[in-house]
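Numbering (the UniProt record's numbering), first residue to last: 1 to 195.
Report on the structure given below.
In structure tokens form, the structure reads like this:
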């Protein structure tokens, strides 16, 4: 298995960074994970802004040379792991800007006759690890599960990725958050992951 981790948090002294480290440590102990790449969007200086004009057209995003290396990473990976906070009920703008540019027509999906496009990223799987200040069930109870619907239905299923697992960790800024227990859970999950 080849795994790409996309980390989206601006602080390396954070709980999100600790989750990243535990994913890496667990993965390195796992004989099923043969290769591992980490993309830290903030460290990378990734530009999340979309620019469309006479020279740069939206329909040509799948060939944009400025993001070719990121397309190669997605093509290479069997499993893509996203680590990010939930801010205002959704992933950070940095991650959404990455998604806007990378999951483009003729790379991630292809328009065809009918209601839905053809997903071009079939066979890949995704794991989303997210943290939030509010309670774990806040997105489900107050936001009608908007986060999972956005990520699973509106994005991953649209591009052909059917296997999507979520770890949504709430109360992460309080003493009742059981942060160490959740970090250990992630470490053990990736240590034992078999496909």
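All residues carry an ideal CB built from backbone N, CA and C; glycine is no exception.
Quiz item: For the beta strand (DSSP E) that contains residue 3, what are its first and last residues?
Solution: Sequence index remark: in the chain shown, residue 3 carries index 3 (1-based). Segment 2-7, the beta strand (DSSP E) holding residue 3.
Self-check item: Extent of the continuous alpha helix (DSSP H) run through residue 63
Solution: Within the chain shown, the letter at position 63 stands for residue 63. Looking at the DSSP string, residue 63 is not in any alpha helix (DSSP H), and its letter there is neither H nor E.
Quiz item: What do you get for residue 107, buried or exposed, if any count of 16 or more other CB atoms within 10 angstroms of its CB means buried?
Solution: Translated into the one-based positions of the chain shown, residue 107 becomes position 107. Per the 10 Å Cβ criterion, buried.
Self-check item: Three-state secondary structure (DSSP) of residue 55
Solution: Along the chain shown, read from residue 1 onward, the residue named residue 55 stands at position 55. Coil at residue 55, not helix or strand.
Exercise. Go to residue 40, then tell me how far its alpha helix (DSSP H) extends in each direction, as first and last residue.
Key: Your numbering for residue 40 matches position 40 in the chain shown. Note, residue 40: premise wrong, no alpha helix (DSSP H); beta strand (DSSP E) at 35-40.
Quiz prompt | Of the listed residues 70, 130 and 121, nearest to residue 19 (C-alpha basis) | solution = In the chain shown, counting from the first residue as 1, residue 19 sits at position 19. Of 70, 130 and 121, the residue nearest in Cα terms is 130.
Quiz prompt | Segment contact, 8 Å Cβ cut-off, at least three pairs: the stretch 62-81 with the stretch 112-128 | solution = yes
Quiz item: Could you give the residue range of the beta strand (DSSP E) that holds residue 163?
Solution: Translated into positions along the chain shown, residue 163 becomes position 163. Taken as a continuous stretch (DSSP letters only), the beta strand (DSSP E) holding residue 163 covers 163-169.
Quiz prompt | Contact under 9 Å by Cβ, residue 31 with residue 41 | solution = Position 31 of the chain shown holds residue 31. Position 41 of the chain shown holds residue 41. Between residue 31 and residue 41, the C-beta spacing is not below 9 Å.
Exercise. With a cut-off of 8 Å on the beta carbons, I'd call residue 39 and residue 6 a contact; round off their distance for me.
Key: For this step, residue 39 is matched to residue 39 along the chain shown. For this step, residue 6 is matched to residue 6 along the chain shown. At roughly 5 Å, the Cβ-Cβ gap stays under 8 Å, so residue 39 and residue 6 are in contact.
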